[in-house]
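Enquirer:
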Amino acid sequence: MSETPGSILTARVVSIRYRLIGSMCVILVVLLAAGILYAISLSNLSQVIETLEKGISQAVTLTPEQQAAVLAESEAARRAMWEIPLAWGLALVIATLSTTLITLRSIAQPAQRLTEAARSLSRGNLEERVEIEWVDEFGRIATAFNQMADQLQSSYAELEQQIAERTLELEQHSAQLEMTAQIARQAAAIQDVERLLPQTVHLISDRFSFYHVGIFLVDETREYAVLRAASSEGGQRMLAQQHRLKVGEEGIVGYVTAQGQPRISLDVGTEAVSFDNPHLPRTRSQVVLPLRARGEIIGALDIQSGEAEAFTPDDVTVLQTLADQVALAIDNARLLQQAQESLEAERRAYGELRREAWAELLRTQPNLGQRYDPQGILPVGPQWDEEATTAVLKGKTALNQDKPFPALATPIKIQDQIIGVLDAHKPAEAGGWTAEEIALLETLADQLAVALEGARLHQDAQRRAEREHLISEVTTRVRETLDMDTVLQTAVREMRQALGLHDVMITLETTNGHSQDTAQPPDQQNRSE
42 MSETPGSILT
52 ARVVSIRYRL
62 IGSMCVILVV
72 LLAAGILYAI
82 SLSNLSQVIE
92 TLEKGISQAV
102 TLTPEQQAAV
112 LAESEAARRA
122 MWEIPLAWGL
132 ALVIATLSTT
142 LITLRSIAQP
152 AQRLTEAARS
162 LSRGNLEERV
172 EIEWVDEFGR
182 IATAFNQMAD
192 QLQSSYAELE
202 QQIAERTLEL
212 EQHSAQLEMT
222 AQIARQAAAI
232 QDVERLLPQT
242 VHLISDRFSF
252 YHVGIFLVDE
262 TREYAVLRAA
272 SSEGGQRMLA
282 QQHRLKVGEE
292 GIVGYVTAQG
302 QPRISLDVGT
312 EAVSFDNPHL
322 PRTRSQVVLP
332 LRARGEIIGA
342 LDIQSGEAEA
352 FTPDDVTVLQ
362 TLADQVALAI
372 DNARLLQQAQ
382 ESLEAERRAY
392 GELRREAWAE
402 LLRTQPNLGQ
412 RYDPQGILPV
422 GPQWDEEATT
432 AVLKGKTALN
442 QDKPFPALAT
452 PIKIQDQIIG
462 VLDAHKPAEA
472 GGWTAEEIAL
482 LETLADQLAV
492 ALEGARLHQD
502 AQRRAEREHL
512 ISEVTTRVRE
522 TLDMDTVLQT
532 AVREMRQALG
542 LHDVMITLET
552 TNGHSQDTAQ
562 PPDQQNRSE
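Now the structure itself:
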């Protein structure tokens with residue numbers, strides 16, 4: 042495995058450090074050895090001179106003047122012997138220090154240049170390089186430094202390129218998510234499925250610049266995926282032909298609606314497929330995404346592009362989010378439509394019940410109404426004024442301003458059912474009916490209709506309560522005894538009295554159709570006897 046420039050640089054610095062320490066140690070050892078040798082030599086020389094002086098002082102053949110001269114020479118020799126080694130030692134020290142300073146300077150200058158280059162590089166100047174002027178360790182360090190700087194500059198350039206590419210991808214992804222949110226909001230605002238589907242495919246095709254966008258919905262039998270909307274001209278022809286694919290068997294749409302997994306088809310490389318749909322000749326890439334609602338596959342979103350490799354896994358993630366939002370909008374529109382249909386059915390059923398109830402009420406209480414004139418409140422007769430009949434027949438307000446007492450009749454309606462008429466006459470001196478008065482009476486008629494319907498419902502509730510009370514009371518009386526005859530007699534008696542019947546009979550039969558027991562009220566029994 043090859044060494045990196047950083048490791049080479051570190052190794053070179055450590056090597057120089059150790060060499061410098063070694064040189065200093067050698068110089069110190071040499072100085073110490075020289076000092077020891079000089080000290081030993083001087084000690085031996087001093088002993089020799091002392092011995093010589095003693096011999097001279099003890100000699101009797103020399104005159105005193107001669108002895109003094111010899112001692113003076115020996116003293117001079119002693120001084121010379123001390124001064125010469127000291128001079129040489131001092132010269133050696135000076136030479137050693139000079140050599141050391143020169144060595145340190147030869148190391149410090151390259152090291153300083155390398156340090157300055159390293160600081161410049163650390164501040165972001167990736168163009169910084171060291172000029173190679175040495176052939177020693179510093180030359181190798183400079184070479185390693187330059188290699189490291191080249192590698193850093195190359196890595197930084199690659200990193201900048203990667204950051205730029207990633208930033209572009211994030212911007213594209215953010216734009217796709219924003220477009221997805223906009224499409225989802227617009228789709229959610231459409232509550233009619235027949236309008237929702239075509240508008241959605243056109244929105245997706247326009248915002249993402251796709252060649253073709255189609256929506257398939259699974260039919261009620263879950264056997265076929267039927268094309269319900271398309272954005273391209275070829276897709277419109279397919280719609281006209283009622284294009285459909287069998288779930289789990291035909292094409293990518295059939296696979297996706299059966300498996301519930303998105304699938305991509307490309308027209309490049311090893312994944313190349315053949316797009317032979319004559320209605321969509323420009324298709325070169327296709328992605329089909331499942332439409333899920335409440336855990337069920339309700340269809341598929343088919344997206345096709347004229348580019349060979351148009352869809353990436355990231356694109357599929359974004360488009361699947363869009364497909365989920367579209368499926369939610371479709372499901373909500375369907376639920377709203379079902380709720381509206383149910384409400385309409387309930388409204389029709391309630392209208393039928395209301396009409397039957399009013400018909401029954403008017404049948405049992407004919408000529409139900411009140412009249413108020415100067416004589417007071419009177420019952421309404423069977424004969425109606427002409428304008429009242431006209432208002433009921435036409436279902437709108439009728440006027441007759443030519444009568445001595447100007448007449449106005451407006452129908453009383455509950456939704457689309459006319460249950461009566463409000464007929465009013467003004468005094469002759471008050472003049473004809475004004476628009477404001479007509480509007481006021483029509484509003485009063487509407488409010489009266491609401492009040493009458495509330496009264497009818499209240500009466501129905503009272504009747505139901507009375508009926509429930511009657512049933513409960515008869516049942517309680519019947520259950521007071523466990524004797525069969527007593528139960529039957531109590532039942533017929535209570536029902537006749539409670540319902541005001543002429544007679545009532547309960548008969549129990551055997552399997553051969555003959556009467557086994559018959560119960561009649563006691564007074565009925567007396568009459569039969």
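Under our numbering, the first residue of the sequence shown carries the number 42, and numbering increases by one thereafter. No residue lacks a Cβ here, since even glycine has one placed at the ideal position from N, Cα and C. Source: prediction; values computed, not measured.
Does the Cβ-Cβ distance between L238 and I256 come in under 7 Å?
Expert: Yes, the Cβ-Cβ distance between L238 and I256 is below 7 Å.
Enquirer: Which term fits R269, buried or exposed, when burial requires 16 or more other beta carbons within 10 angstroms of its beta carbon?
Expert: Buried, since its Cβ has 16 or more Cβ neighbours within 10 Å.
Enquirer: Applying the criterion that 16 or more other CB atoms from any shown protein chain within 10 Å of the CB defines a buried residue, is R534 buried or exposed?
Expert: So R534 ends up on the buried side.
Enquirer: So A185 and R170 are supposed to be a Cβ contact under 8 Å. How far apart are they, rounded?
Expert: Between R170 and A185 the Cβ distance is about 12 Å, and since that is not below 8 Å, they are no contact.
Enquirer: I'd like the list of long-range same chain contacts for T522, defined as Cβ closer than 8 Å, with 5 residues on each side in sequence excluded.
Expert: Around T522: V528, T531.
Enquirer: Within the present structure, is the beta-carbon of V134 separated from the nearest heavy atom of the ligand MG by less than 6 Å?
Expert: You won't find the ligand MG in this model; it holds no ligand whatsoever.
Enquirer: Within its chain, find whatever has a CB closer than 6 Å to the CB of Q458; leave out the 5 residues flanking it on each side and keep chain order.
Expert: Contacts found: R396.
Enquirer: Would you say A158 and I173 are within 7 Å of each other, going by their C-beta atoms?
Expert: Going by C-beta atoms, A158 is not nearer than 7 Å to I173.
Enquirer: Quick one: using the 10 Å Cβ neighbour count with 16 as the cut-off for buried, is Y413 buried or exposed?
Expert: Result: exposed.
Enquirer: My output table needs one value for E337: the three-state DSSP class, helix, strand or coil.
Expert: It is a strand residue.
Enquirer: Would you report the Cα separation of E577 and T156, rounded to the nearest angstrom?
Expert: Limits of the chain in this structure are 42 at one end and 570 at the other, which puts residue 577 out of reach.
Enquirer: If we count the other Cβ atoms within 10 Å of its Cβ and call it buried at 16 or more, is H253 buried or exposed?
Expert: With 16 or more other Cβ atoms within 10 Å, it is buried.
Enquirer: Go ahead and label E428 buried or exposed: buried means 16 or more other beta carbons lie within 10 angstroms of its beta carbon, across all protein chains shown.
Expert: Label assigned to E428: buried.
Enquirer: Considering H499, what are the terminal residues of the beta strand (DSSP E) in which it resides?
Expert: Here H499 belongs to no beta strand (DSSP E); instead the alpha helix (DSSP H) covers 476-519.
Enquirer: Taking just the CA atoms, how far does Q194 sit from E251?
Expert: Looking at the sequence shown, residue 251 is not Glu but Phe. Taking the straight line joining both Cα atoms gives about 41 Å.
Enquirer: Where does the unbroken beta strand (DSSP E) through K444 begin, and where does it stop?
Expert: First-last for K444: undefined, no H or E at that position.
Enquirer: Are three or more beta carbon pairs between the region 329-345 and the region 200-208 nearer than 8 Å?
Expert: Short answer: they don't touch.
Enquirer: Enumerate, from N- to C-terminal direction, the unbroken beta strand (DSSP E) stretches of 3 or more residues contained entirely within the region 150-201.
Expert: Taking only runs of at least 3 residues, no beta strand (DSSP E) segment lies wholly in the region 150-201.
Enquirer: Here's the rule: buried if 16 or more other CB atoms are within 10 angstroms of the residue's CB, otherwise exposed. What is G461?
Expert: Buried: at least 16 other Cβ atoms inside 10 Å.
Enquirer: Label S272 either buried or exposed according to how many other C-beta atoms from any shown protein chain fall within 10 Å of its C-beta, with 16 as the threshold for buried.
Expert: Burial call: buried.
Enquirer: Is P452 helix, strand or coil by DSSP?
Expert: Looking at P452 - three-state DSSP - the assignment turns out to be strand.
Enquirer: Would you call the CB atoms of T221 and L330 closer than 7 Å?
Expert: Not a contact, by the Cβ cut-off of 7 Å.
Enquirer: Helix, strand or coil: how does DSSP classify T548 here?
Expert: In the structure shown, T548 sits in a strand (DSSP, three-state: E or B).
Enquirer: Tell me the DSSP secondary structure of A370 in three-state form.
Expert: Correct three-state label for A370: helix.
Enquirer: Does the beta-carbon distance from A469 to P445 come in below 7 Å?
Expert: Yes, the Cβ-Cβ distance between A469 and P445 is below 7 Å.
Enquirer: Write down the C-beta distance between L377 and Q240 rounded to the nearest angstrom, noting that I regard them as a contact closer than 8 Å.
Expert: In fact, because the Cβ distance is near 16 Å, the residues do not count as touching under 8 Å.
Enquirer: Considering only DSSP beta bridges, list what K287 is partnered with.
Expert: In the DSSP output, where bridge partners are listed per residue, K287 has Y265.
Enquirer: Just to confirm the assignment, what range does the beta strand (DSSP E) spanning Q411 have?
Expert: First-last of the beta strand (DSSP E) with Q411: 411-414.
Enquirer: Determine which residues share a DSSP beta bridge with A270 and list them.
Expert: DSSP, once it has assigned bridges, lists I256 as partnering A270.
Enquirer: Determine the direct distance from the alpha carbon of T324 to that of A229, and round the result to whole angstroms.
Expert: Taking the straight line joining both Cα atoms gives about 29 Å.
Enquirer: Taking all protein chains shown into account, do 16 or more other C-beta atoms lie within 10 angstroms of the C-beta of S163, making it buried, or fewer, making it exposed?
Expert: With fewer than 16 other Cβ atoms within 10 Å, it is exposed.
Enquirer: Tell me which residue opens and which closes the alpha helix (DSSP H) that L244 is part of.
Expert: Segment 234-249, the alpha helix (DSSP H) holding L244.
Enquirer: I need the DSSP call for Q227, collapsed to helix, strand or coil.
Expert: Looking at Q227 - three-state DSSP - the assignment turns out to be helix.
Enquirer: Which one of L440, Q227, A374 has the shortest CA to CA distance from I245?
Expert: The residue with the shortest Cα to Cα distance from I245 is Q227.
Enquirer: Can you name the residues that DSSP bridges to L533?
Expert: Rather than Leu, the amino acid found at residue 533 in this sequence is Val. For V533, which the question treats as bridged, DSSP gives no partner whatsoever.
Enquirer: Tell me whether G295 sits in a helix, a strand or coil according to DSSP, three-state version.
Expert: In this structure, G295 counts as helix in the three-state DSSP scheme.
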